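Student: I am attaching a structure below and will ask some questions about it afterwards.
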Amino acid sequence: MSGKSNIILIAVILISVAIVGGAYINVLSGNNQNSTITWADPNDRALVKRGEIVYVEICATCHGDNLEGQENWQVKNQDGVLPAPPHDATGHTWHHPDSLLFQISKDGGQKNAPEGFISGMPGFGDVLSDDDIWASLAFIKSRWPEEIRKRHALIAERLKAN
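So the sequence shown is numbered by my numbering: it starts at 1472 and just counts up by one.
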């Protein structure tokens, strides 16, 4: 490669890093007071893309790159905590309404857990904006098969009716 080609390649790499880094900082530094999103819409492409960035950076560490969760997620560890569950169709995430999933993501699992249950899910309300939490949930839901999305919507409708 010529010197000019090397300079262009380095410039492209630096610009790409700046764009990705800026997007990452923008995602993680949102202001909760300016929340404009009120639910996790899996059909909103921009929201899902934003959620994918959040999921990859924050959630995938425990819940897996493909939403597969940790092995033996239904069996408590020695400390009495269940491993991170999958967020795909094999898990139970879709059994819960968006509002509960949002609260668990924001405040942590323990705050929302039944008495006697020990949750290992930390809260991300100090790290993520409300919009980023909604976006991550939209991304998760976008990966569910259509049948699971319909069943999840029915759960939400039943809760609204009560």
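A virtual CB, placed ideally from N, CA and C, is assigned to each residue, including glycine.
Treat the numbers as computed from the prediction; the structure is a model and nothing was measured.
Check the C-beta distance from A1609 over to G1540 and give it rounded, since I have them as a contact under 8 Å.
Tutor: Between G1540 and A1609 the Cβ distance is about 19 Å, and since that is not below 8 Å, they are no contact.
Student: Here's the rule I'm using: 16 or more other beta-carbon atoms within 10 Å means buried, otherwise exposed. How should K1577 be labelled?
Tutor: K1577 is buried by the Cβ-count criterion.
Student: For G1492, which residues in the same chain have their Cβ closer than 6 Å to its Cβ, ignoring the five residues on either side in sequence?
Tutor: No answer about G1492 holds up, because its pLDDT of 47 lies below 50 and its placement is not dependable.
Student: Less than 9 Å between the beta carbons of N1543 and P1557, yes or no?
Tutor: No. Outside cutoff.
Student: Does G1551 pass the burial test, meaning 16 or more other C-beta atoms within 10 Å, or should it be called exposed?
Tutor: Counting Cβ neighbours within 10 Å, G1551 comes out exposed, since fewer than 16 surround it.
Student: Let me know if F1588 comes out buried or exposed under the rule of 16 or more other beta-carbons within 10 Å of its beta-carbon.
Tutor: By the 10 Å Cβ count, F1588 comes out exposed.
Student: Kindly indicate which three-state DSSP category W1615 falls into: helix, strand or coil?
Tutor: Of the three classes helix, strand and coil, the one that applies to W1615 here is coil, per DSSP.
Student: Is the number of C-beta pairs between the segment 1510-1518 and the segment 1583-1598 that are closer than 8 Å three or more?
Tutor: Contact between the segment 1510-1518 and the segment 1583-1598 is absent, because fewer than three Cβ pairs lie under 8 Å.
Student: Between the alpha carbons of D1569 and G1562, how many angstroms are there, rounded?
Tutor: Those two C-alpha atoms are separated by around 15 Å.
Student: Between I1604 and T1564, how many whole angstroms is the CB-CB distance? I'm expecting something under 8 Å.
Tutor: The Cβ separation is near 14 Å, so there is no contact.
Student: With a Cβ-Cβ cutoff of 9 Å, do V1525 and A1606 count as a contact?
Tutor: Cβ distance < 9 Å, so V1525 and A1606 count as in contact.
Student: For D1602, count neighbouring C-beta atoms within 10 Å of its own C-beta (all shown protein chains included) and say buried if the count is 16 or more, exposed if not.
Tutor: Looking at its Cβ environment, which holds 16 or more other Cβ atoms inside 10 Å, D1602 is buried.
Student: Can you tell me where the alpha helix (DSSP H) with L1572 in it begins and where it stops?
Tutor: Unbroken alpha helix (DSSP H) run through L1572: 1569-1578.
Student: From which residue to which residue does the alpha helix (DSSP H) around V1527 run?
Tutor: Where V1527 is concerned, there is no enclosing alpha helix (DSSP H), given that its DSSP letter is neither H nor E.
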